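Chains as they are written, first to last, in my numbering: chain Z, 40 to 386; chain U, 40 to 386.
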C-alpha cells in the first residue's frame, strides 16, 4: 500500500538520516552511482552513510553462501584484498559468511555494504560493529529504504539488485543450487553486468551453484587477475550513454522472477521509492495463503537438516511455494542449505 | 633409427603376441577403432589383448594426476561407474592415481588400458594385476609398440594420443598446471575430441590445470550427465566419412609440441610402426646435451618437493629444457607435482 509522503514526514526522514551522518542522493545528482542509474529499476533515491565518493570508483560485488566453508572464506578474503589493491571498491550485503569475509578483507581499500532495511536497522545485528568499521575506514553503507524500516525477507532480493547495480561485475564465491546468490547473479546478468563464479569440487554441495553458473556462461574465476582482466576495458565506460531516465521497469523484474520458476506471491518485488513511507511495516505482510504457507513451513523447519522433498510432502503445499519461502528465508539469513538438497533453520 | 623388419622378425613378433593372447590389428581392418583411424597420426597397427569388440563401443577417456586427492579419486570412481552404466567404454593409461581409479570403477562395464610399452612390459608393474582383471572382465589392453619394448619417458605423450584417439571425448579430473594430463587434453582438442574438465577449488593446486582448461573452453564436468549429454549426438557419427588413409602427419604433432612451448629434443614424437623394430631400444636415447640435462636434473631431484624455479637456478640449464624433462618424468609416473610449482621424485 503506497501513498505519497507528507512534507512533514519527508522532513522528519531527512532529519533522522542527518542525525546518523547519512544523506539522501537522488537519481541525476552527481554522487548517484552512474552504473546504478544506468540499470533498470534503479531506486529514485538512495540513502548513503559514510564516504559517498567511494561510489564513483569502479566496483566489484562479492556474494555467496552464509554458511561458507573455511576454504570459501579464505579465498574470499584473498580475492577481496587483491581486488581492493587493484583499485576496486568491494560491494556486498553485510550478511554472515562470504559477505562478511569480503567486507573485512577490503576494509583497508574501501568497501560498501548495501542494506535491506533502513540505515538504522542493521541486519544481522552481529555485523553492526563491522558496519561501523566500514564507514569509519572510508567505505559506505547504502539503503533505498526509509529510516526505521525493518528488513523483511522479501527486501533481500530487492536489495541485491543494488549490490550488482553499483558494480561492473559480480563474483559468486560459494553457492548451493537454488540459492539466493544465484538469483543475484541472474539479476546481474540481466543488468548487463559481468558475472564471475568461483569453481569447486563436484563433491562439494556449496559449489553446485557456482559450477552451474560456469556451465551457463559465467566466467570461471580462480584469481583476481581473471576479474581485473575482464573488467579493465569497462572502467572508462561512458555510463551517460547508457543512462535511462525512464521509470523503473517493474515488469522486467517480475518477468525475471517468473522465468526463475519461483512463485511470486504477495506484492511484486519492486523498488520502494524512499520518500514514500508505508503506513506501517507490520501491515505490509502478504495476506492469506502466502502467510499460511510461510508459517506452516516455519513450524516444520528446525535446526536439523531436512530434505526439501520431505518438507514439500509434509507441508502438503505446492513445490514452487515451498521454494519461494525457502528462498526468502535464505536471503534473510535464516536458512542454511546442506548437501542432498536439505535445509535447516539457522541457530 | 628405423629399418624395415625382416620376415623372421615379424613372424617372431606375431608368435610372441599370440602366446600372451594378443593380436595385431591394422588400419583398415574391421576391428581397428574407427575414431582412432579417423585421427591424425594414428598408428598403422595396434596390438590388442583381451576382447577387441569393446573398441567398437562409444568410449570416453579419463585422465588426471598420479598423486590425486581422495576427493579426486572418489569422483573419478563415481564418474567412471556412471559412464560405464551409460554404455561407454572407459579408456585410460593404467597409471596410478586417476587412471587406476577409473579402470577399477569401470571393470564391470568394460575398460581399456592403453600401454606406453609392449604388451609384455607393463608399467607401472604394481598395476599388472589390475591389467589382468581388465582383460579377464571383458576389457582390453592396447599398444602400438612391439613386444618386449620397455616404455621410455618419451613414449608416454605418444601413447596419450591413442587414449584420446579411440575416444569420443576426454575428461581431465585433477591436473596441476603444466601437467601431462593437460598435454593429453590439448592433443585431444587437436584431434577434434570433446574435452571435459572437472573443476576444483582455486586453493587446490591439483585443480589449477582443470580450471585453466575450463577458462580456455573445455566443458565443465560436475556429473556424468554433462558428458553423456554432450557425447550422445556423436555416438552414431559416420567415422568412415572422416577416415584418412594418408600417412600419419608427424608434422602436426611436432607443431603442437612447439606451440606448447616445450623443448622437443631427441627424436620427434611420431608413431612407431609396430612391425618395424628398432635395432636396440638402448641405442635410441637422445644423445649429447639432452642426456646431460636429464641426468643433471635427476641428480638434483629427490623425494622432497623443490620449487621448479630453484631447480632451474641450481641446474643452470634453460627453463624450457627443465620443463621438458619434468614433463617426461611426470608422464612416466616418476614425478609428483605439488602446490607452489614444486616437484619431487616419486618415492
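Yeah, the Cβ is synthetic: ideal placement off N, Cα and C, and Gly gets one too.
None of the values given here were measured: they were computed from a predicted structure.
Item: Name the two residues that bound the continuous beta strand (DSSP E) containing residue 161(Z).; Value: That residue, residue 161(Z), is in no beta strand (DSSP E); it is neither H nor E in DSSP.
Item: Using 8 Å for Cβ pairs, my map puts residue 102(Z) next to residue 223(Z). What's the rounded Cβ distance?; Value: 5 Å
Item: Could you check the C-alpha separation between residue 240(U) and residue 252(Z) for me, to the nearest Å?; Value: 15 Å
Item: Going by C-alpha to C-alpha distance, which of 58(U), 192(U), 207(U) sits closest to residue 269(U)?; Value: 207(U)
Item: Kindly provide the ranges of any beta strand (DSSP E) runs that are 3 or more residues long and lie completely inside the stretch 176–212 of chain U, ordered along the chain.; Value: 179–182, 208–211
Item: State the CB to CB distance for the pair residue 153(U) and residue 132(U), rounded to an integer number of angstroms; the pair is presumed to be in contact (CB under 8 Å).; Value: 6 Å
Item: Note down, in chain order, every chain U residue with its Cβ under 9 Å from the Cβ of residue 262(Z).; Value: 241
Item: Would you mind giving the Cβ-Cβ distance between residue 343(U) and residue 220(U), rounded to the nearest angstrom? I have them listed as a contact below 8 Å.; Value: That belief does not hold up - the Cβ atoms of residue 343(U) and residue 220(U) are roughly 24 Å apart, past 8 Å.
Item: Along the stretch 101–121 of chain Z, where does the CB come closer than 7 Å to a CB of chain U? Name the residues.; Value: 110, 113, 114
Item: Would you mind stating whether residue 205(U) and residue 74(U) have Cβ atoms separated by less than 8 Å?; Value: yes
Item: Where DSSP assigns a beta bridge to residue 131(U), which residues make up the other side?; Value: 152(U)
Item: Which residues of chain Z have a Cβ atom closer than 7 Å to the Cβ of residue 361(U), listed in chain order?; Value: Simply none; closest approach about 24 Å.
Item: Hey, quick one: how far does the beta strand (DSSP E) through residue 389(U) stretch, first residue to last?; Value: No information on residue 389(U) is available, as it lies outside the stretch 40 to 386 that chain U covers here.
Item: For residue 253(U), go through chain Z and note every residue whose CB falls closer than 8 Å to its CB, in chain order.; Value: 238, 253, 259
Item: Since residue 85(U) is in the beta strand (DSSP E), which residue starts that stretch and which ends it?; Value: 84–89
Item: Between 174(U), 336(U), 379(U), which has its C-alpha nearest residue 94(U)'s C-alpha?; Value: 174(U)
Item: How would you call residue 61(U), buried or exposed, if buried means at least 16 neighbouring beta carbons within 10 angstroms?; Value: buried
Item: I'd like to know whether the C-beta of residue 376(Z) is nearer than 8 Å to at least one C-beta of chain U.; Value: no
Item: I'd like the list of long-range same chain contacts for residue 340(U), defined as Cβ closer than 6 Å, with 5 residues on each side in sequence excluded.; Value: 384
Item: Can you give the Cα-Cα distance for residue 55(U) and residue 81(U), rounded to whole angstroms?; Value: 23 Å
Item: Against chain Z, with Cβ distances strictly below 8 Å, would residue 290(U) count as a contact?; Value: Only weak support exists for where residue 290(U) lies, its pLDDT of 45 falling under 50; the coordinates are left without a value.
Item: Would you please verify whether the beta carbon of residue 379(U) is less than 8 Å from any beta carbon of chain Z?; Value: no
Item: Taking 8 Å as the CB-CB cut-off, is residue 199(U) touching chain Z?; Value: no
Item: Give me the DSSP bridge partner(s) of residue 101(Z).; Value: 210(Z)
Item: Out of 92(U), 135(U), 137(U), 136(U), which has the shortest C-alpha to C-alpha gap to residue 127(U)?; Value: 92(U)
Item: Compare the Cα-Cα distances from residue 156(Z) to each of 150(Z), 164(Z), 149(Z) and report the closest residue.; Value: 164(Z)
Item: Once you ignore the five residues that flank residue 88(Z) on each side, which residues in its own chain have a CB closer than 7 Å to its CB?; Value: 59, 60, 61, 158, 174, 179, 180
Item: Rounded to the nearest angstrom, what separates residue 229(U) and residue 196(U) at their Cα positions?; Value: 14 Å
Item: So, are the CB atoms of residue 376(Z) and residue 215(Z) less than 8 Å apart?; Value: yes
Item: Excluding the five sequence neighbours on either side, which residues of its own chain have a C-beta within less than 7 Å of the C-beta of residue 379(U), listed in chain order?; Value: 346
Item: Determine the chain Z residues that contact residue 166(U) at a beta-carbon separation under 9 Å, and present them in chain order.; Value: Residues of chain Z passing the Cβ test: none, with the nearest at roughly 25 Å.
Item: If residue 336(U) sits next to residue 354(U), beta carbons under 8 Å apart, how far is it from one beta carbon to the other, in whole angstroms?; Value: 6 Å
Item: In chain order, what residues of the same chain have a beta carbon less than 6 Å from the beta carbon of residue 134(Z), not counting five sequence neighbours either side?; Value: 105, 372
Item: Measuring CA to CA, which of 129(U), 266(U), 211(U) is closest to residue 250(U)?; Value: 211(U)
Item: So, for residue 118(Z): in the same chain, excluding its five sequence neighbours on each side, which residues have a beta-carbon less than 6 Å away from its beta-carbon?; Value: 263
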